[in-house]
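Written out below as structure tokens is the structure these notes cover.
Protein chains: 4
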Amino acid sequence: MLVVMKKGATEENIQAAVNSIEKRGYEARPIPGGDRVSIGILHNKGSVDAAHFMGLEGVKEVIAVTKPYKLVSREIKPEKTVIKVGNAVFGDGTLPVISGPCAVESQEQVIEIARAVKAAGAQVFRGGAFKPRTSPYSFQGHGVKGLEFLAKAREETGLPFATEVMDIENFPAVEEHADIVQIGTRNMQNFSLLKRAGKSFRPIILKRGMSATLQEWLMAAEYIMEEGNPNVILCERGVRTFVRHSRNTLDLSVIPAAKKETHLPLIVDPSHAAGVRDQVIPLALASAAIGADGVMIEVHHKPEEAMSDGAQSLYPDQFADLMKKMTAIHALAGQGS
Amino acid sequence: MLVVMKKGATEENIQAAVNSIEKRGYEARPIPGGDRVSIGILHNKGSVDAAHFMGLEGVKEVIAVTKPYKLVSREIKPEKTVIKVGNAVFGDGTLPVISGPCAVESQEQVIEIARAVKAAGAQVFRGGAFKPRTSPYSFQGHGVKGLEFLAKAREETGLPFATEVMDIENFPAVEEHADIVQIGTRNMQNFSLLKRAGKSFRPIILKRGMSATLQEWLMAAEYIMEEGNPNVILCERGVRTFVRHSRNTLDLSVIPAAKKETHLPLIVDPSHAAGVRDQVIPLALASAAIGADGVMIEVHHKPEEAMSDGAQSLYPDQFADLMKKMTAIHALAGQGS
Amino acid sequence: MLVVMKKGATEENIQAAVNSIEKRGYEARPIPGGDRVSIGILHNKGSVDAAHFMGLEGVKEVIAVTKPYKLVSREIKPEKTVIKVGNAVFGDGTLPVISGPCAVESQEQVIEIARAVKAAGAQVFRGGAFKPRTSPYSFQGHGVKGLEFLAKAREETGLPFATEVMDIENFPAVEEHADIVQIGTRNMQNFSLLKRAGKSFRPIILKRGMSATLQEWLMAAEYIMEEGNPNVILCERGVRTFVRHSRNTLDLSVIPAAKKETHLPLIVDPSHAAGVRDQVIPLALASAAIGADGVMIEVHHKPEEAMSDGAQSLYPDQFADLMKKMTAIHALAGQGS
Amino acid sequence: MLVVMKKGATEENIQAAVNSIEKRGYEARPIPGGDRVSIGILHNKGSVDAAHFMGLEGVKEVIAVTKPYKLVSREIKPEKTVIKVGNAVFGDGTLPVISGPCAVESQEQVIEIARAVKAAGAQVFRGGAFKPRTSPYSFQGHGVKGLEFLAKAREETGLPFATEVMDIENFPAVEEHADIVQIGTRNMQNFSLLKRAGKSFRPIILKRGMSATLQEWLMAAEYIMEEGNPNVILCERGVRTFVRHSRNTLDLSVIPAAKKETHLPLIVDPSHAAGVRDQVIPLALASAAIGADGVMIEVHHKPEEAMSDGAQSLYPDQFADLMKKMTAIHALAGQGS
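Taken in sequence, the protein lines are chains R, B, S and H. Heads up: the first sequence begins at 1 in the working numbering, then just goes up one per residue. Heads up: the second sequence begins at 1 in the working numbering, then just goes up one per residue. Heads up: the third sequence begins at 1 in the working numbering, then just goes up one per residue. Heads up: the fourth sequence begins at 1 in the working numbering, then just goes up one per residue.
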């Protein structure tokens with residue numbers, strides 16, 4: 001932490017800032033700069049709250065140096081976290097693919113799509129049983145019945161599945177059925193839910209919030225790890241910007257940036273970012289090229305009849321073609337870990 | 001809903017789109033434009049999901065016309081909703097002020113601040129017992145004990161209080177003690193929590209999500225109303241943008257824009273948007289001028305020792321001075337309802 | 001400047017960074033932190049380019065401490081810059097208002113509107129002769145003829161006028177006729193134009209770029225001042241965000257934030273931010289409350305027939321009413337300087 | 001264009017809107033919807049200005065249907081524009097690479113780097129002679145002398161070069177020396193410069209503005225084409241968002257989205273978006289995968305001594321390795337045109 005004093009700050013101001021730092025148990029070291037004095041806070045354990053010093057007389061700004069995260073940090077654990085689910089391995093340099101429909105609609109639907117994505121090479125199935133919808137009047141998912149449909153599809157195909165949990169109430173049911181529990185973008189900072197996920201025995205997919213900074217996202221993962229669950233898969237799914245030609249702006253730069261900060265696996269969901277099929281395919285190829293630890297793609301056997309997000313779902317044969325290209329590109333790019 | 005066809009769309013494409021619309025039970029009417037044909041969807045009840053038609057052959061875009069919200073809409077209920085809590089009235093053209101510390105720290109602290117803000121003219125007290133914090137290592141609030149401190153402060157001063165609820169588990173406790181239940185910005189689309197709030201007998205303050213559009217915010221309120229609770233107070237608290245000189249960008253334009261769409265009262269929280277005291281005061285004055293139905297301001301008797309957000313908390317005498325100015329400006333601006 | 005080393009940086013890495021700093025003529029001082037070493041760059045004149053040190057082995061980040069601007073800085077010139085144009089005074093604690101149509105359409109139009117806004121109390125007239133338009137097919141303004149219409153309106157009413165310049169070619173003509181030369185939002189970083197403005201004998205209104213940070217905006221003003229023109233008026237006009245209910249998001253927080261950094265006068269243009277009349281009025285009142293050094297408002301006598309931006313132009317009687325309220329609110333808020 | 005009436009709009013309001021539409025020479029057709037009436041504007045030539053109808057009594061919103069661009073539109077010219085410069089072909093499905101240093105520093109520097117990038121397979125050289133810099137105190141480029149250095153490097157290596165023009169004054173000199181003239185992100189809506197570029201006999205690289213929508217970007221290209229120059233190469237280089245882990249957010253989704261709208265070639269500059277070398281490489285691979293018509297990469301033989309943007313410049317051997325991967329990935333992705 002660096003407390004930067006104003007140009008005209010008096011000796012008194014500087015001393016008061018030093019006292020305030022020391023009163024909180026830190027060591028303060030004034031550093032004379034070109035135009036002004038800054039005060040370094042030394043030998044602190046963990047991060048210091050900038051707000052304590054921001055309102056003091058003569059203080060211009062307070063700059064954080066130490067990052068506030070610990071367990072997720074690559075500085076603390078340099079080797080990559082590897083998470084295995086069925087035949088999928090996240091974090092070992094391969095590119096496992098999670099695929100399936102946006103929403104679970106019927107037993108037949110999930111079995112049919114699960115077979116198709118398995119045939120194309122997907123290692124994990126996905127489908128929403130509890131659906132977070134902007135409108136209370138939209139289809140909210142089949143709930144526990146949907147979980148059972150998914151379990152049945154697993155029985156038929158051997159594919160493990162991931163599905164979203166929306167609240168603590170339904171956590172036990174989701175955890176019991178699913179192989180991977182997903183926390184959605186709107187719940188990235190639902191801290192009660194994060195703590196519950198931290199007590200789960202299942203790996204967690206933590207989607208990035210719509211306007212979360214990398215640091216906030218990692219801190220959300222820290223909540224889960226801090227409660228004892230080390231198996232967190234981070235999933236970039238697009239952020240909200242001024243842009244109108246895609247539903248969200250897929251922020252692929254976060255993959256290399258996050259890899260430097262954390263040992264957790266990082267996957268990409270181009271389907272939700274794009275919102276339309278024609279953008280999903282190129283963005284999926286780009287995700288394979290950038291060195292992600294996995295990709296999540298929505299597929300539907302009859303997209304035009306889908307109950308949710310049909311426009312962004314690929315047809316099974318588009319998906320099969322995409323799988324081949326993604327695998328080849330990922331091998332060429334060669335950026336595992 | 002308007003389905004816009006590409007310039008080169010064939011008669012066949014157009015007919016297929018018409019069929020797809022009619023198959024879903026709507027009436028389709030083709031409209032020849034300058035360069036292309038659009039197809040209007042007529043006499044639909046409620047909103048239509050654009051995604052159904054976006055991927056069809058020859059379709060260029062799909063444009064929503066009808067807004068998806070009902071109960072919150074001013075078109076359906078033109079008269080303003082008025083919510084009374086103690087002496088505060090939200091929505092009747094007055095400017096009730098909610099004030100208090102960010103976090104409840106001790107019994108003495110809340111009583112002392114409650115007395116100060118009451119003396120300055122605040123009608124509702126506030127304080128966080130359950131604190132949503134970005135870091136699991138930050139102070140998380142005193143929980144139920146904090147609620148009891150707040151209740152005791154109410155006893156001493158007569159001020160009703162508002163406090164945040166973070167999950168369904170603690171909803172009964174919060175609801176029992178607090179006069180107004182607040183849902184925070186990170187939970188604006190925690191739909192399970194919204195549904196629970198819809199069953200509450202308390203008025204709800206619904207803070208706008210960090211990157212929520214006006215429509216998403218209103219739809220979140222619709223979730224609450226749809227479950228039976230008509231008493232929702234919307235609170236603008238700053239949105240996330242590229243800007244770095246303030247913590248968030250207070251979007252005051254949302255007040256007049258939202259007033260045209262909804263009958264629900266709209267209040268502004270400049271403290272969280274600003275992040276620093278020197279910006280809170282001018283933004284609070286601007287909030288009074290823009291015609292808000294209330295303002296929420298953080299006050300602390302010793303900001304430099306606050307356990308949370310001290311830098312944005314006003315000193316009691318700054319607050320007292322601000323109250324006078326806000327009241328006078330609001331009277332002058334004269335935009336109630 | 002602070003060069004922050006990675007946790008595992010070796011002594012060798014640190015020494016290499018120190019050498020790199022010293023090779024560029026700065027003084028380096030290593031500062032041991034809680035987890036890592038940072039290296040302060042001391043006694044530098046002016047700002048240091050972070051990029052030089054960002055790619056070095058073992059370096060985690062580079063943090064700027066000293067601000068890069070000089071002439072615009074309040075630390076260098078604490079007293080407010082005061083700019084007088086006719087009866088308007090920008091920067092002395094009053095609230096001069098600049099008003100007129102978006103585009104100059106005819107001689108009659110500008111005279112009629114100039115009379116109306118003068119009667120309502122505006123001190124400066126405005127009107128666009130050269131119009132920056134997103135489309136080459138939109139009306140591009142009357143050019144030099146428009147300047148002559150404006151000069152004639154000044155003759156008739158005594159009101160000085162401000163108008164936009166779009167390029168160096170037309171700078172002499174604009175400068176000759178106008179009392180204040182405006183640089184538009186799209187040209188905020190047209191550095192050649194800024195340098196030309198720096199050689200002008202007229203005061204310059206510098207509109208904030210659509211996505212300019214406060215620092216970039218001040219650096220643009222620094223370009224003008226550096227060439228010798230000290231009379232720069234900064235104008236906030238809304239920034240681009242994800243928001244869709246207003247054309248741009250008026251960032252009122254920039255007013256108090258900028259006032260701490262610079263001595264230059266700061267005005268607000270709510271018309272372009274809002275895009276619709278119903279938002280202009282409340283945002284103008286908020287601008288008066290927040291302590292701006294002036295406000296710029298579009299007015300048209302027949303908005304529904306305006307050639308440009310009619311929807312955001314006020315009717316003359318709306319403007320007259322607004323003027324009274326703004327003046328009273330500004331007096332109450334009392335934040336001059 | 002669709003004029004949407006409020007739910008409670010009277011017959012009179014509707015008739016007034018119809019009259020207003022017809023007075024401007026368009027045909028109006030009322031369309032009764034579920035809850036409200038909308039009025040279609042039919043058979044208009046070109047786009048209609050929404051602002052004309054937005055302020056009318058009873059009008060809720062005005063929705064554009066027809067896109068405002070013509071010459072750049074793929075609907076008007078379906079076949080891809082192909083631009084040849086030396087051995088580089090933009091728009092034919094290949095992936096030409098433009099490479100070189102950010103700034104021209106000396107004759108030796110440009111020759112050395114030009115040789116290196118040519119050896120690695122780049123087809124076009126780049127280097128800045130006129131540099132747009134945020135600060136007036138930063139190195140502003142060698143100007144015309146820099147152009148001569150670049151011309152000499154072309155002589156030595158046979159590589160054509162691209163360089164930025166910042167104003168009309170220097171356009172003739174840039175145009176005379178350079179093979180491709182670049183308009184930078186800060187000048188994307190410098191309409192005077194765009195018009196001048198439209199009269200040039202050189203191909204133009206038009207960088208996307210920092211917060212430009214796809215439509216604004218295409219309209220800027222329309223300015224150039226409208227003046228007679230059909231050879232415009234669009235270059236995505238990152239947009240400004242709330243994100244802080246990269247300098248800008250590279251918006252790769254714009255490539256597939258823009259390809260549907262325009263026939264002009266689309267290239268990507270990952271160097272400026274990333275700001276740091278470690279992100280440039282993965283983003284460049286992603287750009288190759290997404291189907292761009294070219295990539296622009298900064299390379300410097302001694303990045304740590306570069307006068308501008310050293311941290312984002314690749315070392316020549318990194319670049320050579322990247323070239324191989326990009327070429328292979330582009331071939332695999334197979335999305336030319």
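Backbone N, C-alpha and C define an ideal beta-carbon position, used for all residues, glycine too.
Query raised in the report: Are the beta-carbon atoms of R/Ile-83 and R/Val-124 separated by less than 9 angstroms?
Result: Translated into positions along the first sequence, residue 83 of chain R becomes position 83. Translated into positions along the first sequence, residue 124 of chain R becomes position 124. No, the pair does not count as a contact, with Cβ atoms beyond the cut-off.
Report task. For H/Phe-171, collect the residues of the same chain with a Cβ closer than 6 angstroms to its Cβ; drop the 5 residues on either side in sequence, then sort them by chain order. Result -> By 1-based counting over the fourth sequence, the position of residue 171 of chain H is 171. So the qualifying residues of the chain are Val-165, Arg-196.
Query raised in the report: Taking the runs of the beta strand (DSSP E) that are 3 residues or longer, which of them lie wholly in the region 85-143 of chain H?
Result: If we require 3 residues or more, the beta strand (DSSP E) runs fully inside the region 85-143 of chain H come out as 88-90, 97-100, 124-126.
Query raised in the report: Touching or not, the region 209-219 of chain S and the region 225-244 of chain B, by the rule of three or more beta carbon pairs under 8 angstroms?
Result: Judged by Cβ distances under 8 angstroms, the region 209-219 of chain S makes contact with the region 225-244 of chain B, as three or more pairs qualify.
Report task. Tell me, please, whether the CB atom of R/Glu-75 is closer than 9 angstroms to any CB atom in chain S? Result -> Counted from its first residue, the first sequence places residue 75 of chain R at position 75. It does: the Cβ of R/Glu-75 has a partner Cβ on chain S nearer than 9 angstroms.
Query raised in the report: Any idea which residues DSSP pairs H/Phe-53 with across the strands?
Result: Stepping through the fourth sequence from its first residue, residue 53 of chain H is reached at position 53. Bridge partners of H/Phe-53: none, in fact.
Query raised in the report: Around the Cβ of B/Ser-337, are there at least 16 other Cβ atoms within 10 angstroms (buried) or fewer (exposed)?
Result: Locating residue 337 of chain B in the second sequence gives position 337, counting from the first residue. At B/Ser-337, the pLDDT of 42 sits below 50, so the modelled position is not reliable and the matter cannot be decided from this model.
Query raised in the report: Applying a beta-carbon distance threshold of less than 8 angstroms, which residues of chain R neighbour B/Val-338?
Result: Since the first residue shown for chain B is 1 and the last is 337, residue 338 of chain B is missing from the structure and cannot be characterised.
Requested in this report: Measure the C-alpha to C-alpha separation of H/Glu-22 and H/Leu-42 and round it to an integer number of angstroms.
Outcome: Position 22 of the fourth sequence, counted from the first residue, corresponds to residue 22 of chain H. Position 42 of the fourth sequence, counted from the first residue, corresponds to residue 42 of chain H. Our two residues, H/Glu-22 and H/Leu-42, have alpha carbons roughly 10 angstroms apart in a direct line.
Query raised in the report: Closest to B/Pro-303 by CA distance: which of B/Val-295, B/Ser-313, B/Gly-294, B/Asp-269 is it?
Result: The sequence position of residue 303 of chain B within the second sequence is 303, counting from 1. It is B/Ser-313 whose Cα lies nearest to the Cα of B/Pro-303.
Report task. Say whether the region 128-138 of chain B touches the region 65-82 of chain B, bearing in mind that this needs 3 or more beta-carbon pairs closer than 8 angstroms, one atom from each stretch. Result -> The region 128-138 of chain B vs the region 65-82 of chain B: no contact.
Query raised in the report: Is the shortest distance between the beta-carbon of R/Leu-193 and the beta-carbons of chain B less than 9 angstroms?
Result: As a working note, residue 193 of chain R is residue 193 in the first sequence. For R/Leu-193, the answer is yes, since a Cβ of chain B falls inside 9 angstroms of its Cβ.
Query raised in the report: Residues of chain S with CB under 9 angstroms from H/Tyr-223, in chain order?
Result: Position 223 of the fourth sequence, counted from the first residue, corresponds to residue 223 of chain H. Within chain S, Ser-135, Pro-136 have C-beta atoms less than 9 angstroms from the C-beta of H/Tyr-223, given in sequence order.
Report task. Check the Cβ-Cβ distances between B/Ser-337 and every residue of chain H, and say whether any is below 9 angstroms. Result -> Counted from its first residue, the second sequence places residue 337 of chain B at position 337. Unreliable placement is indicated for B/Ser-337, whose pLDDT of 42 sits below 50; the coordinate value is still reported in the next sentence. Output row for B/Ser-337: interface = no.
Query raised in the report: Quick one: complete alpha helix (DSSP H) runs, 4+ long, within the region 207-291 of chain H?
Result: Fully enclosed alpha helix (DSSP H) runs of 4 or longer: 214-226, 254-261, 270-274, 277-289.
Report task. Give the C-beta separation of R/Gly-294 and R/Phe-161 to the nearest angstrom, bearing in mind that I take them to be a contact with Cβ-Cβ under 8 angstroms. Result -> Mapped onto the first sequence, residue 294 of chain R falls at position 294. Mapped onto the first sequence, residue 161 of chain R falls at position 161. No, R/Gly-294 and R/Phe-161 are not in contact; Cβ-Cβ is about 14 angstroms, not under 8 angstroms.
Requested in this report: Determine the closest residue to H/Val-62 out of B/Pro-68, B/Ala-51, B/Leu-2, B/Ala-114, with distance taken between C-alpha atoms.
Outcome: Counted from its first residue, the fourth sequence places residue 62 of chain H at position 62. Here the closest residue by C-alpha is B/Leu-2.
**Report entry** Nearest-angstrom Cα separation, counted from S/Arg-36 out to S/Lys-7
**Finding:** Along the third sequence, read from residue 1 onward, the residue named residue 7 of chain S stands at position 7. Along the third sequence, read from residue 1 onward, the residue named residue 36 of chain S stands at position 36. The alpha-carbon atoms of S/Lys-7 and S/Arg-36 are separated by roughly 5 angstroms.
Query raised in the report: If we count Cβ pairs, one from each stretch, closer than 8 angstroms, do we get three or more for the region 268-278 of chain B versus the region 222-241 of chain B?
Result: Contact between the region 268-278 of chain B and the region 222-241 of chain B is present, with at least three C-beta pairs closer than 8 angstroms.
Requested in this report: May I ask you to list the residues that DSSP assigns as paired with S/Val-37?
Outcome: Numbered from 1 along the third sequence, position 37 holds the residue referred to as residue 37 of chain S. Note: S/Val-37 sits in a beta bridge opposite S/Pro-32.
Query raised in the report: What are the residues of the region 296-321 of chain S that lie near chain H, defined by any Cβ-Cβ distance shorter than 7 angstroms?
Result: Answer in chain order: Pro-303, Glu-304, Asp-309, Gly-310, Ala-311.
Query raised in the report: Taking DSSP as the reference, what is the three-state secondary structure of H/Ala-306?
Result: Within the fourth sequence, residue 306 of chain H is the residue found at index 306, counting from 1. Three-state result, H/Ala-306: coil.
**Report entry** N-terminal and C-terminal residue of the beta strand (DSSP E) that R/Met-296 is part of
**Finding:** One-based indexing of the first sequence puts residue 296 of chain R at position 296. DSSP places R/Met-296 in the uninterrupted beta strand (DSSP E) bounded by 295-298.
Query raised in the report: Whose CA, out of S/Glu-27, S/Val-117, S/Ile-31, lies closest to the CA of S/Leu-322?
Result: Counting from one through the third sequence, the residue named residue 322 of chain S turns up at place 322. It is S/Val-117.
Report task. Tell whether a beta-carbon distance below 9 angstroms holds between H/Thr-157 and H/Gly-146. Result -> Residue numbering aside, residue 157 of chain H sits at position 157 when the fourth sequence is read from its first letter. Residue numbering aside, residue 146 of chain H sits at position 146 when the fourth sequence is read from its first letter. No.
Query raised in the report: Which residues share a DSSP beta bridge with S/Val-181?
Result: By one-based count along the third sequence, residue 181 of chain S stands at place 181. Answer by DSSP bridge pairing, in chain order: S/Thr-163, S/Ile-204.
Query - Three-state class that DSSP yields for S/Glu-169 in the structure shown - result: Taking the first residue of the third sequence as position 1, residue 169 of chain S is located at position 169. The answer is coil: DSSP assigns S/Glu-169 none of H, G, I, E or B.
Requested in this report: Would you list, in chain order, the members of the region 233-256 of chain R that have their beta-carbon closer than 9 angstroms to a beta-carbon of chain S?
Outcome: Those residues of the region 233-256 of chain R that come within reach of chain S (Cβ to Cβ, closer than 9 angstroms) are Arg-240, Thr-241, Phe-242, Val-243, Arg-244.
Query raised in the report: For the candidate residues H/Lys-131, H/Lys-152, H/Gly-40, whose alpha-carbon lies nearest to that of H/Gln-109?
Result: Translated into the one-based positions of the fourth sequence, residue 109 of chain H becomes position 109. In terms of CA proximity to H/Gln-109, H/Lys-152 leads the group H/Lys-131, H/Lys-152, H/Gly-40.
Query raised in the report: Cα separation between S/Arg-74 and S/Ala-221?
Result: On the third sequence, position 74 is the one that residue 74 of chain S refers to. On the third sequence, position 221 is the one that residue 221 of chain S refers to. Cα-Cα distance, rounded: 13 angstroms.
Query raised in the report: Of all the CB atoms in chain D, is at least one closer than 9 angstroms to the CB of H/Ser-38?
Result: In the structure shown, chain D does not exist; the protein chains are R, B, S and H.
Report task. Report the residue from R/Arg-24, R/Gly-25, R/Val-48, R/Phe-53 whose alpha carbon sits nearest the alpha carbon of R/Ile-14. Result -> What you label residue 14 of chain R is simply residue 14 of the first sequence in a count that begins at 1. Minimum Cα-Cα distance from R/Ile-14 among the listed residues R/Arg-24, R/Gly-25, R/Val-48, R/Phe-53 corresponds to R/Phe-53.
Query raised in the report: Name the chain B residues whose beta carbon is nearer than 9 angstroms to that of S/Ile-290?
Result: Reading the third sequence from its first residue, position 290 is the one you call residue 290 of chain S. Listed by position along chain B, the residues whose Cβ is nearer than 9 angstroms to that of S/Ile-290 are Pro-282, Leu-283, Leu-285, Ala-286, Ala-289.
Query raised in the report: Between R/Leu-206 and chain H, is there a C-beta pair that is closer than 9 angstroms?
Result: As a first step, residue 206 of chain R is located in the first sequence; it is residue number 206 there, counting from the start. For R/Leu-206, no CB of chain H lies under 9 angstroms from its own CB, so it is not counted at the interface with that chain.
Query raised in the report: With DSSP run on the structure shown, which of helix, strand or coil describes R/Met-5?
Result: Sequence index remark: in the first sequence, residue 5 of chain R carries index 5 (1-based). Three-state result, R/Met-5: strand.
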